[in-house]
Amino acid sequence: MGMAPGQRARVAVGLGATCATIGAASLLAGSGTAVADPNAVLAQINDDRAAGGCGPLTMNGRLVAAAQRHADDLASSGAVSHSGGDGSTVGSRIQDAGYAAGGWAENIYRGGGDPVSGWMNSPGHRQNMLNCSYTEAGLAQSGGGDMTYYVADFASP
Numbered sequence: 000m001g002m003a004p005g006q007r008a009r010v011a012v013g014l015g016a017t018c019a020t021i022g023a024a025s026l027l028a029g030s031g032t033a034v035a036d037p038n039a040v041l042a043q044i045n046d047d048r049a050a051g052g053c054g055p056l057t058m059n060g061r062l063v064a065a066a067q068r069h070a071d072d073l074a075s076s077g078a079v080s081h082s083g084g085d086g087s088t089v090g091s092r093i094q095d096a097g098y099a100a101g102g103w104a105e106n107i108y109r110g111g112g113d114p115v116s117g118w119m120n121s122p123g124h125r126q127n128m129l130n131c132s133y134t135e136a137g138l139a140q141s142g143g144g145d146m147t148y149y150v151a152d153f154a155s156p
């Protein structure tokens, strides 16, 4: 399942904000202190959404499962990609977790820094987080230190 035209998210690849429209986002980051609590990450995202005029996202267990599956895969492979080592896509992982998404986007962050700050400084990631049509999120992390992988799946039923 993909996104409807007009719901496509921007994709940032590399260290900066080189963006291309393909329905997801990824970002490599530098070092710092990892944010360990997904609820704290969600609170940061919701603060930014409120400042942008959007309602809060609520954590959805099925989206968490999809995000955790991908975070674990990335941490075990060392890859930074929206394609899973098993050939899965963002949409297929969300569907496999039992979530019927009307639209979705994914942000990926690798590093020891603050993922929300990294995403907010990247136009594609920022667009995903501040998309008011998304109402639910799944946040997960895997690995540690500078090799911590954060995955945020945003969706609406």
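The end of the sequence shown is residue 156 by numbering that gives the first Met the number 0, with every number in the run present.
Note that beta-carbon positions come from the ideal geometry of N, C-alpha and C, so glycine has one too.
Query	Result
Beta-carbon proximity check, I107 vs V63, cutoff 9 Å	no
The segment 69-86 in contact with the segment 47-60 per 3-pair CB rule at 8 Å	no
From A65, D113, G123 and D46, residue whose alpha carbon lies closest to that of Y98	A65
Burial state of S121, where buried means 16 or more other Cβ atoms lie within 10 Å	buried
Three-way DSSP call (helix, strand, coil) for A65 in this model	helix
Member of N130, W118 and R68 whose CA lies at the smallest distance from the CA of Q103	This sequence places Trp at residue 103; Gln is not what is there. Looking at the Cα atoms, N130 is the closest of the given residues.
For D47, the first and last residue of its enclosing alpha helix (DSSP H)	P37 to A50
Beta-carbon contacts of S155 that lie in its chain and below 6 Å, excluding the five residues immediately before and after	G101, G102, S132, Y133 and T134
Beta-bridge pairing of M58 - partner residues as DSSP gives them	A136
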